[in-house]
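What follows is one structure encoded as structure tokens, with my remarks underneath.
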Amino acid sequence: MSSRPLELASYQFFPQGNREKILLEEDGKEVWFDFQEADPTDKLYIQLFDQGFQYPPSKLYRSDASFEQAETITLTCELETTEPCDIQIFKMQYGQKKRMHSETEWLTVDGPTTCAFQLNRVKGADYFKIAFKFLLEGDMRVRLMMLHINRLVPLKQEESYHVI
Numbered sequence: 126m127s128s129r130p131l132e133l134a135s136y137q138f139f140p141q142g143n144r145e146k147i148l149l150e151e152d153g154k155e156v157w158f159d160f161q162e163a164d165p166t167d168k169l170y171i172q173l174f175d176q177g178f179q180y181p182p183s184k185l186y187r188s189d190a191s192f193e194q195a196e197t198i199t200l201t202c203e204l205e206t207t208e209p210c211d212i213q214i215f216k217m218q219y220g221q222k223k224r225m226h227s228e229t230e231w232l233t234v235d236g237p238t239t240c241a242f243q244l245n246r247v248k249g250a251d252y253f254k255i256a257f258k259f260l261l262e263g264d265m266r267v268r269l270m271m272l273h274i275n276r277l278v279p280l281k282q283e284e285s286y287h288v289i
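Below you can see the structure in the form of structure tokens.
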């Protein structure tokens, strides 16, 4: 298993949807997402890595977004909100040119919350992205305090021999 934290820098995160209602700010080792005048019908996405949802990350992010030899990736993050917030998580996998697989799960964040998301690699996938869709009303500040990726590489099966 290889494991490493991702640098928490706002350049890693890309607002999608109603971008004019989302501001990103770095504060030392943390990233703040400020949502302004949000409406329940708004599409408020924060995506890890760049490009639209249909395309893999650009070359700038491919080393961080690569499955490498892993069959499973676990992404762990720590989020904090001042009031409860529902988040839809999109876990996307890509080949060299397009999206190959996507799945979603739901999360409610209320105060400091540690989250773990697992991606089981589909055949032919080279890269992954995670997108957070925030479902909220009004103004809210969300703090991201930690982001860590674990890549689980399977051991090769060895044949066993018995001596009689």
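Those letters in the sequence shown? Residues 126 to 289, per my numbering, in order. Even glycine gets a Cβ: it sits at the ideal position worked out from N, Cα and C. Fair warning: this is a prediction, and the values are worked out from it, not measured in the lab.
Item: Evaluate Pro130 with the Cβ neighbour count: other Cβ atoms within 10 Å of its Cβ, from every protein chain shown; 16 or more gives buried, anything less gives exposed.; Value: Because the pLDDT of Pro130 is 49, which lies under 50, any placement of that residue in the model is unreliable, and the number read from its coordinates should be weighed accordingly. Pro130 comes out exposed.
Item: When we look at the beta-carbon of Pro209 and count the other beta-carbons within 10 Å, is it buried (16 or more) or exposed?; Value: exposed
Item: List the whole-angstrom C-beta distance separating Arg266 from Asp164, where the pair is believed to meet the contact cut-off of C-beta under 8 Å.; Value: Not really, about 17 Å apart at Cβ, beyond 8 Å.
Item: Which word fits Ala241, buried or exposed, when buried means at least 16 other C-beta atoms lie within 10 angstroms of its C-beta?; Value: exposed
Item: On the CB-based measure, 16 or more other CB atoms within 10 Å of its CB, does Arg144 come out buried or exposed?; Value: exposed
Item: When you compare the CB positions of Gln218 and Phe253, do they come within less than 7 Å of one another, or not?; Value: yes
Item: Looking at the strands, I want to know which residues DSSP matches up with Phe160.; Value: Ile147 and Met265
Item: Go ahead and pull the three-state DSSP assignment for Asp189.; Value: helix
Item: Under the three-state reduction of DSSP, which class applies to Pro279: helix, strand or coil?; Value: coil
Item: Work out the CA separation of Glu230 and Glu151 for me, nearest whole Å.; Value: 27 Å
Item: Along the beta strand (DSSP E) that carries Lys291, what are the first and last residues, could you check?; Value: Here the chain has residues from 126 to 289 only, and residue 291 is not among them.
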